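The structure appears right after this line, and notes come after that.
Protein chains: 2
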Amino acid sequence: MEYGKIYVTGLGPGAADQMTVQARNVLEKCPVIIGYTVYIDLIRADYPDKEFLSTPMRKEADRCRMAFEEAAKGRDVAMVCSGDAGIYGMAGLICEIGKDYPEIGIEIIPGITAASGGAAVLGAPLMHDFAVISLSDLLTPWEKIAQRLRATAEADFVICLYNPSSRKRADYLAKACGMILESRAPETVCGIVRNIGRDGERCEILTLEKLKDTQVDMFTTVFIGNSNTMELNGRMVTPRGYKDV
Amino acid sequence: MEYGKIYVTGLGPGAADQMTVQARNVLEKCPVIIGYTVYIDLIRADYPDKEFLSTPMRKEADRCRMAFEEAAKGRDVAMVCSGDAGIYGMAGLICEIGKDYPEIGIEIIPGITAASGGAAVLGAPLMHDFAVISLSDLLTPWEKIAQRLRATAEADFVICLYNPSSRKRADYLAKACGMILESRAPETVCGIVRNIGRDGERCEILTLEKLKDTQVDMFTTVFIGNSNTMELNGRMVTPRGYKDV
Chain V
1 MEYGKIYVTG LGPGAADQMT VQARNVLEKC PVIIGYTVYI DLIRADYPDK EFLSTPMRKE
61 ADRCRMAFEE AAKGRDVAMV CSGDAGIYGM AGLICEIGKD YPEIGIEIIP GITAASGGAA
121 VLGAPLMHDF AVISLSDLLT PWEKIAQRLR ATAEADFVIC LYNPSSRKRA DYLAKACGMI
181 LESRAPETVC GIVRNIGRDG ERCEILTLEK LKDTQVDMFT TVFIGNSNTM ELNGRMVTPR
241 GYKDV
Chain Z
1 MEYGKIYVTG LGPGAADQMT VQARNVLEKC PVIIGYTVYI DLIRADYPDK EFLSTPMRKE
61 ADRCRMAFEE AAKGRDVAMV CSGDAGIYGM AGLICEIGKD YPEIGIEIIP GITAASGGAA
121 VLGAPLMHDF AVISLSDLLT PWEKIAQRLR ATAEADFVIC LYNPSSRKRA DYLAKACGMI
181 LESRAPETVC GIVRNIGRDG ERCEILTLEK LKDTQVDMFT TVFIGNSNTM ELNGRMVTPR
241 GYKDV
């Protein structure tokens, strides 16, 4: 019997048309689609003939082993994530657990991550060097996150924050903004985007000072401009250089 | 007469199937496609009925005005870039020049950027916080680039380098690696990917010390792992946290 293959597939921010053609082809080809319930629900209606498998949120390793077990039965598996499978997604854990299943092939299918998707909604905030930082301290010590916030703020990066808030971390965005304000102007242009590419998508452009006092949820991506970022006709725009264009 | 609209569209790394469904729909809908010659040539054969317009490499502002002039005639325009239109792409300049054409609508269609596309080829290097830095000093002082390299190396980011080399900047990657080596181990796991998603795609995983002595070209994207990044079955993998999973 031939083994199946695992395609770790990023679905993009949400809307079906923000998926790549390659990702759509994978979903059409694979008889089994595995993912976290919320993402599975986004696509289930479009693929009525598939077998959908899932595990709860913090059971990522179980979900990966489920994918390898299905592939070992000879079935191609799409392991889906929102955004890009390779950016805080499932690609890493699949590669790690793949050590135990050397006979199973793995292919990573990239997707539009929230930094790209959110930037497109706001305008063009990522025209210059940027850093992507997750504020979740579930697996990373807060001191490490704080060091990264301060380092990139001082070096004038555009900063994109993933997981800016949760019920247990309601004050993390305010703390992060406070650290960034140590080296950056209060009027620095910032942007927030909620529900990128999904129903209820909305965005707002605001100053860093105001962002500090803004409550966001876990479906929000936050952008902090560099010293040159500006608001232009309701869009957040970072010029592509520091010299005249 | 109704004005046309400008769709600033990221084509992804190269292969037609790494385009999003949305980008493909835009190309099908717009009668005019504008872009840098190299990207136009990637898609010309697929769209025989379109009008293709182009300008040479450093004439980006002219190319943008060309798009607004066409839209002013009532035609929808796809302004195409490789990768993501919003990451070192044309989205920013279109928004800036759009000040002079307030009557023309602009929509940004995100695409797979080289960081996402290259990561998928290498394995899963971007599972934790990362910084994207361009080594091109055409519009940015080298001192600013150097500050960013040092800051992100010290804060243990995964670092993704765009434009790592050109004929005039053959030694820039070596210089950048030298700066990163001031705070990072010589055996730090790194990866390079050339021609992502195109003919002749190839990748290599190597140490930071070896990367310093490696010659790359302008079609290469470079990944420098964080202190936890490892090589696993020929893949570059960054664990998703600093605590046990």
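Line by line, the protein sequences give chains V and Z.
When we follow full-length UniProt numbering, the leftmost residue of the first sequence carries the number 1, and every step to the right adds one.
When we follow full-length UniProt numbering, the leftmost residue of the second sequence carries the number 1, and every step to the right adds one.
Heads up, the beta-carbon is just placed ideally off N, CA and C, and yes, glycines get one too.
Here the structure is a predicted model, which is why all the values come from computation and not from measurement.
Cβ neighbour criterion (16 or more within 10 Å) applied to residue i
{"i": "V:V245", "result": "Legend: pLDDT at V:V245 = 41, less than 50; position of this residue unreliable, no value from coordinates given."}
{"i": "Z:E70", "result": "buried"}
{"i": "Z:S227", "result": "exposed"}
{"i": "Z:R44", "result": "exposed"}
{"i": "Z:P186", "result": "exposed"}
{"i": "V:M127", "result": "buried"}
{"i": "Z:D129", "result": "buried"}
{"i": "V:E96", "result": "buried"}
{"i": "V:G200", "result": "exposed"}
{"i": "V:P48", "result": "exposed"}
{"i": "V:E28", "result": "exposed"}
{"i": "V:G83", "result": "buried"}
{"i": "Z:N163", "result": "buried"}
{"i": "V:V8", "result": "buried"}
{"i": "V:G74", "result": "exposed"}
{"i": "Z:V189", "result": "buried"}
{"i": "Z:S38", "result": "A quick correction: the sequence has Val, not Ser, at residue 38 of chain Z. Its Cβ having fewer than 16 others within 10 Å, Z:V38 is exposed."}
Proximal residues of chain Z, C-beta to C-beta of residue i below 7 Å
{"i": "V:F157", "result": "A131 and R148"}
{"i": "V:L151", "result": "Contrary to the premise, residue 151 of chain V reads as Ala rather than Leu in this sequence. Simply A151, T152, E154 and A155."}
{"i": "V:S134", "result": "D129"}
{"i": "V:A45", "result": "What V:A45 touches in chain Z: nothing, since even the nearest Cβ is about 16 Å away."}
{"i": "V:A72", "result": "Neighbours of V:A72 on chain Z: none; closest Cβ ~17 Å, over 7 Å."}
Cβ-Cβ distance between residue i and residue j below 8 Å
{"i": "Z:P31", "j": "Z:E2", "result": "no"}
{"i": "V:I196", "j": "V:V222", "result": "no"}
{"i": "Z:L79", "j": "Z:A61", "result": "With the sequence shown as reference, residue 79 of chain Z is identified as Met, and Leu is not the correct amino acid for it. Not a contact, by the Cβ cut-off of 8 Å."}
{"i": "V:L122", "j": "V:R235", "result": "yes"}
{"i": "Z:Y242", "j": "V:T140", "result": "yes"}
{"i": "Z:I159", "j": "Z:I145", "result": "no"}
{"i": "Z:L138", "j": "Z:L161", "result": "no"}
{"i": "V:V21", "j": "Z:R24", "result": "yes"}
{"i": "Z:A124", "j": "Z:V237", "result": "yes"}
{"i": "Z:N233", "j": "V:K99", "result": "yes"}
{"i": "V:I94", "j": "V:C64", "result": "yes"}
{"i": "V:Q18", "j": "V:G105", "result": "no"}
8 Å Cβ cut-off: residues of chain V touching residue i
{"i": "Z:V21", "result": "A16, D17, Q18, M19, T20, V21 and R24"}
{"i": "residue 249 of chain Z", "result": "Chain Z is shown from 1 up to 245; residue 249 of chain Z falls before or after that span and cannot be answered."}
{"i": "Z:G12", "result": "T20"}
{"i": "Z:A176", "result": "What Z:A176 touches in chain V: nothing, since even the nearest Cβ is about 12 Å away."}
Selection from the options that minimises the alpha carbon distance to residue i
{"i": "V:R240", "options": "Z:G86, Z:I196, Z:M230 and Z:L206", "result": "Z:G86"}
{"i": "V:R202", "options": "V:T220, V:E209, V:C190 and V:T188", "result": "V:T220"}
{"i": "residue 254 of chain Z", "options": "Z:I40, Z:W142 and Z:D156", "result": "Since the first and last residues shown for chain Z are 1 and 245, residue 254 of chain Z lies out of range."}
{"i": "V:S183", "options": "V:G200, V:V193 and V:L208", "result": "V:L208"}
{"i": "V:A72", "options": "V:D199, V:M19 and V:E103", "result": "V:E103"}
{"i": "V:A91", "options": "V:R65, V:V26 and V:E107", "result": "V:E107"}
{"i": "V:A119", "options": "V:D17, V:L211 and V:R194", "result": "V:R194"}
{"i": "V:F157", "options": "V:I94, V:D76, V:A174 and V:I224", "result": "V:I224"}
{"i": "Z:L42", "options": "Z:R65, Z:C81, Z:L206 and Z:G105", "result": "Z:C81"}
{"i": "Z:I109", "options": "Z:G117, Z:G89 and Z:D17", "result": "Z:G89"}
{"i": "V:M230", "options": "V:L211, V:K210 and V:I205", "result": "V:I205"}
{"i": "V:D46", "options": "V:A16, V:L53 and V:V26", "result": "V:A16"}
Partner residues on chain V for residue i, Cβ-Cβ distance less than 9 Å
{"i": "Z:L161", "result": "Chain V residues near Z:L161: none, gap ~10 Å exceeds 9 Å."}
{"i": "Z:K144", "result": "D129, A155, D156 and Y242"}
{"i": "Z:G123", "result": "G86, A91, G92, C95, I106 and I108"}
{"i": "Z:L173", "result": "Those do not exist, as Z:L173 stays about 16 Å from chain V at its closest Cβ, beyond 9 Å."}
Cross-chain neighbours of residue i in chain Z, by beta carbon under 8 Å
{"i": "V:N233", "result": "C95, G98, K99 and P102"}
{"i": "V:A67", "result": "Residues of chain Z passing the Cβ test: none, with the nearest at roughly 14 Å."}
heavy atom of the ligand HEM below 7 Å from residue i C-beta
{"i": "Z:S116", "result": "In the structure on display, the ligand HEM does not appear, and there are no ligands present to speak of."}
Under 7 Å from the C-beta of residue i: neighbouring residues of chain V
{"i": "Z:D84", "result": "S116"}
{"i": "Z:V237", "result": "G92, C95 and E96"}
{"i": "Z:I112", "result": "T20, P110 and I112"}
{"i": "Z:I34", "result": "Going along chain V, no residue has its Cβ under 7 Å from Z:I34, so there is no contact; the nearest lies around 17 Å."}
{"i": "Z:P141", "result": "Y242"}
{"i": "Z:A78", "result": "Under the 7 Å cutoff, chain V gives no residues; its nearest Cβ is about 14 Å from Z:A78."}
{"i": "Z:L126", "result": "G86 and I87"}
Residue-chain proximity (residue i, chain B), Cβ-Cβ < 8 Å
{"i": "Z:A119", "result": "Among the protein chains in the structure shown, which are V and Z, there is no chain B."}
Task: Cβ contact (3+ pairs, closer than 8 Å) linking the region 173 to 189 of chain Z and the region 162 to 174 of chain V - done: no
Open item on the list: Would you call the region 110 to 121 of chain V in contact with the region 146 to 153 of chain Z, where contact means no fewer than 3 C-beta pairs closer than 8 Å?
Closed with: no
- [ ] State whether the region 214 to 230 of chain V contacts the region 20 to 34 of chain V, with contact taken as three or more CB pairs (one from each stretch) at a distance under 8 Å.
- [x] no
Task: Cβ contact (3+ pairs, closer than 8 Å) linking the region 3 to 13 of chain V and the region 11 to 19 of chain Z - done: no
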